[in-house]
Amino acid sequence: MSMQRKTITLTDQMDFWVKTQVNSGKYGNDSEYFRDLVRRDQERQEAEIRLRSLLDEAEKSGLSDFSPQEIWDNAVALAANNT
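Last residue of the sequence shown: 83 in the working numbering, with the numbers rising by one and none dropped.
Here it is in C-alpha coordinates:
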(Lines of atoms letter the chains of each structure in order from A; the text may use other names.)
(Lines give C-alpha, C1' and ligand atoms only; values in the text may rest on other atoms or scores of the structure.)
Protein backbone atom coordinates (compact mmCIF):
# COMPACT_ATOMS: atom_id res chain seq x y z
CA MET A 1 0.00 0.00 0.00
CA SER A 2 1.33 3.39 -0.99
CA MET A 3 1.65 5.97 1.79
CA GLN A 4 1.15 9.71 1.43
CA ARG A 5 2.77 12.27 3.71
CA LYS A 6 0.49 14.97 5.15
CA THR A 7 1.41 18.08 7.10
CA ILE A 8 -1.09 19.28 9.70
CA THR A 9 -1.18 22.13 12.17
CA LEU A 10 -2.50 21.55 15.69
CA THR A 11 -3.13 23.80 18.64
CA ASP A 12 -0.92 23.22 21.67
CA GLN A 13 -3.85 21.54 23.40
CA MET A 14 -4.43 19.17 20.48
CA ASP A 15 -0.72 18.37 20.25
CA PHE A 16 -0.66 17.60 23.96
CA TRP A 17 -3.64 15.28 23.50
CA VAL A 18 -1.98 13.39 20.65
CA LYS A 19 1.26 13.03 22.64
CA THR A 20 -0.72 11.78 25.63
CA GLN A 21 -2.38 9.12 23.48
CA VAL A 22 0.98 8.01 22.07
CA ASN A 23 2.66 8.04 25.50
CA SER A 24 -0.14 5.85 26.88
CA GLY A 25 1.33 3.05 24.77
CA LYS A 26 -1.78 2.53 22.67
CA TYR A 27 -0.05 4.01 19.61
CA GLY A 28 3.57 3.76 18.53
CA ASN A 29 3.68 7.28 17.10
CA ASP A 30 1.55 10.23 16.00
CA SER A 31 0.93 8.71 12.56
CA GLU A 32 -0.57 5.55 14.05
CA TYR A 33 -2.93 7.70 16.12
CA PHE A 34 -4.10 9.69 13.10
CA ARG A 35 -4.48 6.57 10.94
CA ASP A 36 -6.68 5.09 13.68
CA LEU A 37 -8.77 8.28 13.75
CA VAL A 38 -9.28 8.09 9.98
CA ARG A 39 -10.21 4.38 10.13
CA ARG A 40 -12.73 5.00 12.91
CA ASP A 41 -14.20 7.97 11.04
CA GLN A 42 -14.60 5.81 7.93
CA GLU A 43 -16.30 3.07 9.99
CA ARG A 44 -18.61 5.62 11.63
CA GLN A 45 -19.63 7.09 8.30
CA GLU A 46 -20.23 3.64 6.80
CA ALA A 47 -22.36 2.71 9.83
CA GLU A 48 -24.33 5.95 9.43
CA ILE A 49 -24.99 5.13 5.76
CA ARG A 50 -26.18 1.63 6.71
CA LEU A 51 -28.43 3.05 9.44
CA ARG A 52 -29.95 5.62 7.08
CA SER A 53 -30.60 2.87 4.55
CA LEU A 54 -32.32 0.73 7.18
CA LEU A 55 -34.40 3.69 8.34
CA ASP A 56 -35.45 4.45 4.75
CA GLU A 57 -36.38 0.79 4.25
CA ALA A 58 -38.37 0.76 7.48
CA GLU A 59 -40.20 3.96 6.58
CA LYS A 60 -41.10 2.61 3.13
CA SER A 61 -42.45 -0.63 4.64
CA GLY A 62 -45.43 1.23 6.11
CA LEU A 63 -47.17 0.97 9.44
CA SER A 64 -47.05 -2.15 11.55
CA ASP A 65 -50.10 -4.24 12.35
CA PHE A 66 -48.65 -4.81 15.83
CA SER A 67 -49.54 -2.70 18.85
CA PRO A 68 -46.75 -0.83 20.65
CA GLN A 69 -47.00 -3.37 23.49
CA GLU A 70 -46.63 -6.30 21.06
CA ILE A 71 -43.60 -4.64 19.50
CA TRP A 72 -42.09 -4.12 22.95
CA ASP A 73 -42.80 -7.71 24.02
CA ASN A 74 -41.19 -9.03 20.82
CA ALA A 75 -38.12 -6.86 21.37
CA VAL A 76 -37.79 -8.09 24.96
CA ALA A 77 -38.11 -11.71 23.79
CA LEU A 78 -35.48 -11.19 21.08
CA ALA A 79 -33.10 -9.59 23.56
CA ALA A 80 -33.60 -12.46 26.02
CA ASN A 81 -32.80 -14.99 23.29
CA ASN A 82 -29.63 -13.11 22.28
CA THR A 83 -28.10 -13.12 25.77
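Beta carbons are placed, not taken as given, at the ideal position from N, Cα and C, and that holds for glycine.
Once the 5 residues before and after residue i are set aside, which same chain residues still bring their CB inside 7 Å of it?
i, result
"N29", "V22"
Just verifying my parser: in three-state terms, what is the DSSP assignment at residue i?
i, result
"R50", "helix"
"S61", "coil"
"N23", "helix"
"N74", "helix"
"F16", "helix"
I believe residue i touches residue j by the beta-carbon criterion, under 8 Å. Please report the beta-carbon distance rounded to the nearest angstrom.
i, j, result
"I71", "S61", "I71 to S61, Cβ: 13 Å. No contact."
Rounded to whole angstroms, what is the Cα-Cα separation between residue i and residue j?
i, j, result
"D15", "I8", "11 Å"
"Y33", "L78", "38 Å"
"T20", "E48", "29 Å"
"V18", "A58", "41 Å"
Taking the CB atoms as reference points, tell me whether residue i and residue j lie closer together than 8 Å.
i, j, result
"D41", "Y27", "no"
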